[in-house]
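Asker:
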Amino acid sequence: MGEFFEHVKEGLSKSPKEISSRYFYDAKGDALYQGIMKLDEYYLPRCEMQIIDDKSHQIAQDIAAQHSSLQVVELGAGDGSKTKHLLKQFRPYFSDLEYVAMDISENVLDINQTEIRNEIESIDYNGIAGNYFETYQSLTETSNGRLVLFLGANIGNYTTEEVIDFFKFVQSGLDRNDYFLVAFDLVKDPRKILAAYDDSQGITKQFNLNLLERMNRELGANFDTRHFDHFPFYDPLTGIASSQIISMKKQTVDFSHGFSASFDLYEAIHTEISKKFFWSDIEEIAEESNMHIAQNYFNTNKGYSFVLFQPAG
Numbered sequence: 002m003g004e005f006f007e008h009v010k011e012g013l014s015k016s017p018k019e020i021s022s023r024y025f026y027d028a029k030g031d032a033l034y035q036g037i038m039k040l041d042e043y044y045l046p047r048c049e050m051q052i053i054d055d056k057s058h059q060i061a062q063d064i065a066a067q068h069s070s071l072q073v074v075e076l077g078a079g080d081g082s083k084t085k086h087l088l089k090q091f092r093p094y095f096s097d098l099e100y101v102a103m104d105i106s107e108n109v110l111d112i113n114q115t116e117i118r119n120e121i122e123s124i125d126y127n128g129i130a131g132n133y134f135e136t137y138q139s140l141t142e143t144s145n146g147r148l149v150l151f152l153g154a155n156i157g158n159y160t161t162e163e164v165i166d167f168f169k170f171v172q173s174g175l176d177r178n179d180y181f182l183v184a185f186d187l188v189k190d191p192r193k194i195l196a197a198y199d200d201s202q203g204i205t206k207q208f209n210l211n212l213l214e215r216m217n218r219e220l221g222a223n224f225d226t227r228h229f230d231h232f233p234f235y236d237p238l239t240g241i242a243s244s245q246i247i248s249m250k251k252q253t254v255d256f257s258h259g260f261s262a263s264f265d266l267y268e269a270i271h272t273e274i275s276k277k278f279f280w281s282d283i284e285e286i287a288e289e290s291n292m293h294i295a296q297n298y299f300n301t302n303k304g305y306s307f308v309l310f311q312p313a314g
């Protein structure tokens, strides 16, 4: 059963129950997530593309001031549909451009490689499947400058403590003049944020419930998704949007190998957080992780930002 089963067994034995969002992404989950990315309510990809379209040349110029050749390492690379535009605009600024795509999903990396290779000539491509907390540590030293990308506002999936630990982890693979580019979704109208995680077509609900279906397929569980629902919530006091899967009746779910999980009526499984940031939050993260904010690049309405960090010393 492996790591997935052990994580599920531990998470469903807790109170409150929880399962990490990283297990959303099997082949069906990947496809559903691509559907979410195209939703009108899910504003994040459009904000990100606006920055890529408007600011990529400036980002490249800022980095090229210190590096003539560049290795770009993307954590949680996804399908490459956005990154290819960033890299295409980077290409003229560097004599040698290498792209290392890291993602937990081999399915997505296959798409990523096709997207990048079809779009950009003379790029050195390397796709690495696995948990990037493990694969990042496998990087060898490079004579190029290094830029680590963490886009998609995925930084919001971590707690404040986890973000600081993550920054320190990334910094361990950076030299003094290397860079870390992170996408932050900033605080905005709470109703706009909530709608992004509660779409009218119900695709986000399907995406969450597919986690139960994945446990059925891979772990021999007998979840009946008709008796579970998806409940998103946004708290403007903390800036945290969260997702839970709710048991709509008292029930017990059995797994292979003798494990069972009991649910009370309306009991929740916590699956994900998506934090939205004040600028002061970002400054605090930089200070606590010993990073320096070299530059930031906002979208038009300043509700989304790419922030370029460097090690502080």
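Those letters in the sequence shown? Residues 2 to 314, by the working numbering. Using N, Cα and C, we set each Cβ at its ideal position, and we do this for glycine too. It should be emphasised that the depicted structure is a prediction, and the values quoted were computed from it without experimental measurement.
1. Suppose the cutoff is 8 Å on Cβ atoms and the five residues either side in sequence are ignored; what does the same chain contact list for Asp-54 look like?
2. Determine contact between the region 253–267 and the region 153–167, defined as no fewer than three beta-carbon pairs at a distance below 8 Å.
3. Relative to the C-alpha of Tyr-305, which candidate in Gln-202, Tyr-44, Asn-291 and Leu-150 has its C-alpha closest?
4. In chain order, what residues of the same chain have a beta carbon less than 7 Å from the beta carbon of Phe-167, not counting five sequence neighbours either side?
5. Could you tell me the distance, in whole angstroms, from the CA atom of Asn-127 to the CA atom of Asp-265?
6. Short of 6 Å in beta carbon distance, which residues of its chain neighbour Tyr-298, apart from the five on each side in sequence? Order them along the chain.
7. Measuring CB to CB, does Phe-278 end up less than 8 Å from Phe-25?
8. Taking buried to mean at least 16 other C-beta atoms within 10 Å of its own C-beta, is Thr-205 buried or exposed?
9. For Lys-193, tell me which candidate among Ile-105, Gly-36, Pro-237 and Glu-116 has the shortest Cα-Cα distance.
10. May I ask you to list the residues that DSSP assigns as paired with Ile-253?
11. What's the C-alpha gap between Lys-250 and Trp-280?
12. Quick one: what's got a C-beta closer than 6 Å to Glu-268's C-beta in the same chain, skipping five residues either side?
13. Pick helix, strand or coil for Pro-237, following the three-state DSSP scheme.
14. Just how far apart, CA to CA, sit Ser-70 and Lys-303?
15. Please go through the same chain and pick out, in chain order, the residues whose beta-carbon is closer than 7 Å to the beta-carbon of Ile-286, but skip the five residues on each side of it.
16. Exposed or buried, which one is Lys-18 when buried takes at least 16 other CB atoms within 10 Å?
17. Locate the alpha helix (DSSP H) running through Lys-276, then write down its first and last residues.
18. Pop quiz: Ala-222 and Asp-186 are said to be a contact at Cβ under 8 Å. What is the actual Cβ separation, rounded to whole angstroms?
19. Bridge partners for Gly-128 per DSSP, in chain order?
20. Would you identify the three-state DSSP class for Pro-312, choosing helix, strand or coil?
21. Of all the options His-231, Phe-181, Leu-212 and His-58, which has the alpha carbon lying nearest to the alpha carbon of Tyr-198?
Answerer: Straight from the coordinates:
1. Here the question's residue 54 lines up with position 53 in the sequence shown. Cβ within range, chain order: His-86.
2. At 8 Å Cβ cutoff, the stretches do not touch.
3. Locating residue 305 in the sequence shown gives position 304, where the first residue counts as 1. That would be Tyr-44, whose Cα lies nearest to the Cα of Tyr-305.
4. Translated into positions along the sequence shown, residue 167 becomes position 166. Contacts found: Tyr-159.
5. Looking up residue 127 in the sequence shown gives position 126. Looking up residue 265 in the sequence shown gives position 264. Taking the straight line joining both Cα atoms gives about 47 Å.
6. For the purposes of this step, residue 298 is taken as the residue at position 297 of the sequence shown. Within the same chain, Tyr-298 has close Cβ partners Ile-52, Lys-56 and Phe-307.
7. Taking the sequence shown and counting its residues from 1, one reaches residue 278 at position 277. Taking the sequence shown and counting its residues from 1, one reaches residue 25 at position 24. For Phe-278 and Phe-25, no; Cβs fall outside 8 Å.
8. On the sequence shown, position 204 is the one that residue 205 refers to. Thr-205 is buried by the Cβ-count criterion.
9. Sequence index remark: in the sequence shown, residue 193 carries index 192 (1-based). Residue Pro-237 is the option with its Cα nearest to Lys-193.
10. Taking the sequence shown and counting its residues from 1, one reaches residue 253 at position 252. Checking the sequence, you will find Thr at residue 253 rather than Ile. Note: Thr-253 sits in a beta bridge opposite Ser-263.
11. Within the sequence shown, numbered from 1, the residue matching residue 250 stands at position 249. Within the sequence shown, numbered from 1, the residue matching residue 280 stands at position 279. Taking the straight line joining both Cα atoms gives about 42 Å.
12. Position 267 of the sequence shown holds residue 268. So the qualifying residues of the chain are Ser-248.
13. For this step, residue 237 is matched to residue 236 along the sequence shown. If DSSP states are grouped into helix, strand and coil, Pro-237 belongs with coil.
14. As a position in the sequence shown, residue 70 is number 69, starting the count at 1. As a position in the sequence shown, residue 303 is number 302, starting the count at 1. Their backbone Cα atoms lie some 31 Å apart in a straight line.
15. In the sequence shown, residue 286 corresponds to position 285, counting from 1. Here the set comprises Val-164, Ile-165 and Phe-168.
16. Here the question's residue 18 lines up with position 17 in the sequence shown. Buried, since its Cβ has 16 or more Cβ neighbours within 10 Å.
17. Along the sequence shown, read from residue 1 onward, the residue named residue 276 stands at position 275. Element bounds for Lys-276: not the alpha helix (DSSP H) but the beta strand (DSSP E), 269–276.
18. Here residue 222 corresponds to residue number 221 of the sequence shown, with the count starting at 1. Here residue 186 corresponds to residue number 185 of the sequence shown, with the count starting at 1. Wrong, their Cβ atoms sit about 33 Å apart, outside the cutoff.
19. In the sequence shown, residue 128 corresponds to position 127, counting from 1. Bridge partners of Gly-128: Ala-102.
20. Taking the first residue of the sequence shown as position 1, residue 312 is located at position 311. Strand.
21. In the sequence shown, the residue the question calls residue 198 occupies position 197. With distances taken between Cα atoms, Tyr-198 lies closest to His-231.
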